[in-house]
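To keep things clear, I will list the structure first and then write my remarks on it.
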Amino acid sequence: MLKQNNLPKLPRSIVTLTLILILTFIFLSRWFIGAPLTPLDNSYAHLATAQTISGGQFVETSLYNYLLAFMPFPWLLPVILGLLSFHLLGRLLEKKLRSYALFLFIVTPLALTLFTAQTQAALFFPVALLAFLMYQKGNRFDFITILLGALLPLIDLLAGIVVLLVMSLYALHEGRGRVAGFFILINVLFILVALFMGFDPNFSLPGMFFGELGDPYGYSLFIVLLAVFTMMSQIKSLDTGHVLLVTLLFALSALLPTLRPLVLVPLIVSAAHALHEFATKKWALPFLKQASTLLLVCLALFVALSHAQLLIDSEPQPPIVELAEYVGLDVREGGILVSEDIDGSVLFYSQKPVVVFGYEDSLFSSVTIDASAPVLRENGVRFFIVSPVLEELAWGRSERGMRFLMLHNEKFINIMIVEEYELWLVLPE
10 MLKQNNLPKL PRSIVTLTLI LILTFIFLSR WFIGAPLTPL DNSYAHLATA QTISGGQFVE
70 TSLYNYLLAF MPFPWLLPVI LGLLSFHLLG RLLEKKLRSY ALFLFIVTPL ALTLFTAQTQ
130 AALFFPVALL AFLMYQKGNR FDFITILLGA LLPLIDLLAG IVVLLVMSLY ALHEGRGRVA
190 GFFILINVLF ILVALFMGFD PNFSLPGMFF GELGDPYGYS LFIVLLAVFT MMSQIKSLDT
250 GHVLLVTLLF ALSALLPTLR PLVLVPLIVS AAHALHEFAT KKWALPFLKQ ASTLLLVCLA
310 LFVALSHAQL LIDSEPQPPI VELAEYVGLD VREGGILVSE DIDGSVLFYS QKPVVVFGYE
370 DSLFSSVTID ASAPVLRENG VRFFIVSPVL EELAWGRSER GMRFLMLHNE KFINIMIVEE
430 YELWLVLPE
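Quick note, my numbering runs 9 ahead of the 1-based positions in the sequence shown.
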């Protein structure tokens, strides 16, 4: 039997402290093992672009990379933007659900990646939240709302166009034609400019989509299931159009990862409703409620800590950084040949062209210098990093194919070994 009870308090300070402790755990752990503070290989494409910008060169890229170029400590930027997002999200949420929703937000894999890795979503999310907040304040803030909306496509073109379209539909529905008109005009202008410049959408292929399955930019399956369960239990009271819109954006976010933090918001709100209902009921067997509460909290923290460990173990790790830095300091020109498992930090630390070959590529099965030399020459390769994964998948840890050639041909010189990674120099013809 369930009886009504007063809402137990979950202080926001506890939620904030939990977030700080998780982030501290991630950064201190990476520092302790000697890895760079910034996790995930994709981060280093942003860092390399920002480094180019800071050198005075104009690059057609996200506004995020220009902001990153002016940061003396790049690893701090996602932390600052993450805390800003946390604050703005708290301002937007309903008071009775605020602490629950914020707690669910900070334990999602997507949020932890947003707070630690370099990704344009880290800037897109708080700008979009601030635009929504200004929109809610009424007509007096229309100019600021429109200005913030215009920044979104500069951070991520496709995600920005989608968000502006959604906001224009909401504005039309609420009779705010001026805001809707400006958003539509901005969208049209960006689309025309993109078409004129030959913009390539370059959609991201969907990964595992859920953090529990190893996708660092994925949703939490725990949160999604809790949200879906809540929506199904309240289906009669929900706005059908709103549910369809969230479902459509959820599906679209498979191709546009920058949208995911925004799509996560209605999911955590729905899941927070479930926690709210759970917390406002008094159970006839109090120990059962306490056990269930403990189970939910432990499950949420387990998801968060599992993803934190994934970020700690992610590339770049010390061996790759050491090899890439060595190549970067070397005066000889030429690119670096790597296999698919080598991360993007090589590009950042070496500042040399990186050529990526798949494990099945015929280059790795080549047994003669006459067959491999043209490929290496065409791609400007002077260095070759051999990883344990490449050695296993391409050569079965035996002397065959290019592995045999490297070990027995004078054109290849092994110049450095760090743990299980090898750096080879390819001599010019």
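Ideal Cβ placement from N, Cα and C applies to all residues, glycine included. Since we're looking at a predicted model, the values are computed, not measured.
Checklist line | Nearest-angstrom Cβ-Cβ length linking F231 and A309, presumed shorter than 8 Å | finding: For the purposes of this step, residue 231 is taken as the residue at position 222 of the sequence shown. For the purposes of this step, residue 309 is taken as the residue at position 300 of the sequence shown. About 7 Å; that satisfies the 8 Å criterion.
Checklist line | Continuous alpha helix (DSSP H) stretch holding Y73: start and end | finding: Locating residue 73 in the sequence shown gives position 64, counting from the first residue. It spans L72 to A78 - the alpha helix (DSSP H) in which Y73 sits, taken as one unbroken run.
Checklist line | Within 8 Å, strictly: CB atoms of P48 and S94 | finding: The sequence position of residue 48 within the sequence shown is 39, counting from 1. The sequence position of residue 94 within the sequence shown is 85, counting from 1. No, these two residues do not count as a Cβ contact at 8 Å.
Item checked: Three-state secondary structure (DSSP) of F191 -> Position 182 of the sequence shown holds residue 191. Helix.
Note to self: When you compare the segment 21-35 with the segment 107-124, are there three or more beta-carbon pairs, one atom per stretch, that lie closer than 8 Å?
What the structure shows: yes
Notebook entry, point to check: Grouping DSSP H, G and I as helix and E and B as strand, with all else coil, what is N423?
Noted result: In the sequence shown, the residue the question calls residue 423 occupies position 414. Strand.
Notebook entry, point to check: When you compare each of E324, L319 and L303 to E221 by their alpha carbons, which one comes out closest?
Noted result: Working through the sequence shown from its first residue, we reach residue 221 at position 212. Ranking E324, L319 and L303 by Cα distance to E221 puts L319 first.
Margin query: Less than 8 Å between the beta carbons of F191 and P162, yes or no?
Written below: Taking the sequence shown and counting its residues from 1, the one referred to as residue 191 is at position 182. Taking the sequence shown and counting its residues from 1, the one referred to as residue 162 is at position 153. In this structure, P162 does not lie closer than 8 Å to F191 by Cβ.
Item checked: According to DSSP, residues forming a beta bridge with F345 -> Numbered from its first residue, the sequence shown carries residue 345 at position 336. The amino acid occupying residue 345 in the given sequence is Ile; Phe does not appear at that position. DSSP, once it has assigned bridges, lists V363 and F392 as partnering I345.
Note to self: Check this for me: beta carbons of A203 and L166, under 8 Å apart or not?
What the structure shows: For this step, residue 203 is matched to residue 194 along the sequence shown. For this step, residue 166 is matched to residue 157 along the sequence shown. In contact: A203 and L166 (Cβ atoms closer than 8 Å).
Margin query: Among Y73, G99, L97 and V255, whose alpha-carbon lies nearest the alpha-carbon of P87?
Written below: Counting from one through the sequence shown, the residue named residue 87 turns up at place 78. Minimum Cα distance to P87 is reached at Y73.
Next item on the list: Determine the direct distance from the alpha carbon of Y228 to that of V435, and round the result to whole angstroms.
Entry: Taking the sequence shown and counting its residues from 1, the one referred to as residue 435 is at position 426. Taking the sequence shown and counting its residues from 1, the one referred to as residue 228 is at position 219. Approximately 43 Å between the Cα atoms of the pair.
Notebook entry, point to check: By how many angstroms is the C-alpha of N51 removed from the C-alpha of Q326?
Noted result: Working through the sequence shown from its first residue, we reach residue 326 at position 317. Working through the sequence shown from its first residue, we reach residue 51 at position 42. So the alpha carbons of these two residues sit roughly 14 Å apart.
Notebook entry, point to check: Can you name, in chain order, every residue of its own chain whose Cβ lies under 8 Å from the Cβ of N418, other than the five neighbours on each side?
Noted result: Locating residue 418 in the sequence shown gives position 409, counting from the first residue. For N418, where only same-chain residues beyond five positions count, the Cβ hits under 8 Å are I378.
Next item on the list: On the DSSP bridge assignment, give the partners of S433 in chain order.
Entry: Stepping through the sequence shown from its first residue, residue 433 is reached at position 424. Checking the sequence shown, residue 433 turns out to be Trp, not Ser. BP columns for W433 point to F393 and N423.
Next item on the list: Mind reading off the beta-carbon distance from I329 to I345? Whole number of angstroms is fine, and I expect it under 8 Å.
Entry: On the sequence shown, position 320 is the one that residue 329 refers to. On the sequence shown, position 336 is the one that residue 345 refers to. So it is not a contact: roughly 11 Å between Cβ atoms.
Item checked: Cβ separation of S279 and M240, assumed to be a contact under 8 Å, to the nearest whole Å -> What you label residue 279 is simply residue 270 of the sequence shown in a count that begins at 1. What you label residue 240 is simply residue 231 of the sequence shown in a count that begins at 1. Indeed, because the Cβ distance is near 6 Å, the residues count as touching under 8 Å.
Next item on the list: May I ask you to report which of helix, strand or coil DSSP gives Y179?
Entry: Counted from its first residue, the sequence shown places residue 179 at position 170. Note: Y179 maps to helix in three-state DSSP.
Next item on the list: List the residues that DSSP assigns as beta-bridge partners of Y228.
Entry: Residue mapping note: residue 228 aligns to position 219 of the sequence shown, counting from 1. The partner list for Y228 (beta bridge, DSSP) reads F219.
Check: Do the segment 127-141 and the segment 263-271 make contact, defined as three or more Cβ pairs closer than 8 Å?
Finding: yes
Item checked: Start and end residues, alpha helix (DSSP H) containing F133 -> Taking the first residue of the sequence shown as position 1, residue 133 is located at position 124. Unbroken alpha helix (DSSP H) run through F133: A130 to Q145.
Checklist line | Counted within 10 angstroms of its Cβ, other Cβ atoms place M411 as buried (16 or more) or exposed | finding: Translated into the one-based positions of the sequence shown, residue 411 becomes position 402. Under this definition M411 is a buried residue.
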